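Reviewing the structure listed below.
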Amino acid sequence: MEPKAGGDSEEQISRLQQEKQILEQRGQSLENENKSLKRRIEEVLSEAAICKAHIEKEVSEKQSETMRNYIKHLTERYIAKQDEISRMKEKIDSKSDDYDTLLSEHKALQSRYRGLLRRGRAARLPPSSSCNAANTIVEENTGKNTIYPARVHSDESTLFKLPRRESKFRK
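Laid out in structure tokens, this is it:
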């Protein structure tokens with residue numbers, strides 16, 4: 001019986017050796033598969049890093065492009081406002097020039113009228129129903145009110161009430 005038992009043990013040993021070889025082969029294949037997976041993970045990680053850098057670059061470019069567009073928009077608005085301010089200054093200067101012209105015409109008329117009053121010509125004007133009883137003229141140098149007896153039409157009396165104006169935008 002012993003030889004049988006010995007044959008069984010040899011058979012058992014060969015079977016265990018075969019199983020051992022199979023397990024070693026499986027272990028080797030798993031180890032190879034593990035190495036290939038690690039290489040693939042490294043490849044994927046490097047690709048992900050490249051993609052991340054590319055995305056960051058695009059986001060940065062997009063943000064800088066957005067900022068450039070916003071700055072361009074603000075610059076265009078600023079230029080438009082500056083143009084509008086320039087046009088308004090020109091308009092104000094034009095109005096100021098018109099006012100200065102009217103003021104000088106007013107002073108000339110006032111001076112002429114005073115001359116006429118002094119010579120007595122204004123007293124011969126026919127009275128009108130819409131006239132003031134007296135004309136009050138403010139002397140520029142003295143600031144006193146001088147009442148002249150001549151009757152003046154109400155539209156003419158407004159000539160002496162134009163205020164002086166200083167322009168803030170005059171150069």
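Per the UniProt record's numbering, the sequence shown runs over residues 1 to 171.
C-beta atoms are modelled at their ideal positions from N, C-alpha and C, and glycine is treated no differently.
Everything numeric in this text was worked out from a predicted model, so none of it was measured.
Are there 16 or more other CB atoms within 10 angstroms of the CB of residue i, so buried, or fewer, so exposed?
i, result
"residue 17", "exposed"
"residue 113", "buried"
"residue 31", "exposed"
"residue 20", "exposed"
Flag residue i as yes if its beta-carbon sits less than 8 Å from any beta-carbon of chain D, otherwise no.
i, result
"residue 100", "Reference to chain D is not applicable here, since this structure consists of a single protein chain."
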